[in-house]
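With our numbering applied, the sequence shown has no gaps in its numbers, which climb one by one up to 124 at the end.
Glycine residues also receive a C-beta, built at the ideal position from the N, C-alpha and C atoms.
To start, the structure itself, in structure tokens.
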Amino acid sequence: MLEIKCPWCGARTQTEFTYAGDATLDRPDAETGSEEDWYEYVYLRDNPRGAHDELWQHSAGCRRYVKVRRDVTTHEIIATGAPGAKLDGGGS
Ligand SMILES: [Zn+2]
């Protein structure tokens with residue numbers, strides 16, 4: 033089981049969190065984004081090996097979103113922070 037360090041609550045077990053998606057995606061502009069831009073944003077995902085930035089919601093805690101840099105091969109949590117934070121230690 034993963035242990036995720038919420039920046040506001042401290043270290044908690046994975047069961048308190050809900051995966052909320054890829055933290056590396058840039059939402060297309062509502063006015064200028066093309067249909068293809070939106071298709072890619074909603075449906076297409078890379079499946080990289082190694083460190084990757086994800087969003088998790090501390091759904092059984094403070095309910096805030098946490099940015100998590102996790103090695104998707106080993107499940108090691110490398111760093112956590114606020115959603116807009118720049119995390120240290122390799123990753124996407
Ligand atoms: Zn929390």
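Beta-carbon gap between residue i and residue j smaller than 7 Å
i: L87; j: R101; result: no
i: P39; j: A111; result: no
i: T47; j: S91; result: no
i: A52; j: Q89; result: yes
Proximity test, residue i beta-carbon vs ligand 1 heavy atom, cut-off 6 Å
i: W40; result: yes
i: G116; result: no
i: G187; result: Outside the displayed range of the chain (33 to 124) lies residue 187, so it cannot be described from this structure.
i: H90; result: yes
Cβ separation of residue i and residue j, assumed to be a contact under 8 Å, to the nearest whole Å
i: R44; j: G93; result: 6 Å
i: D103; j: G82; result: 6 Å
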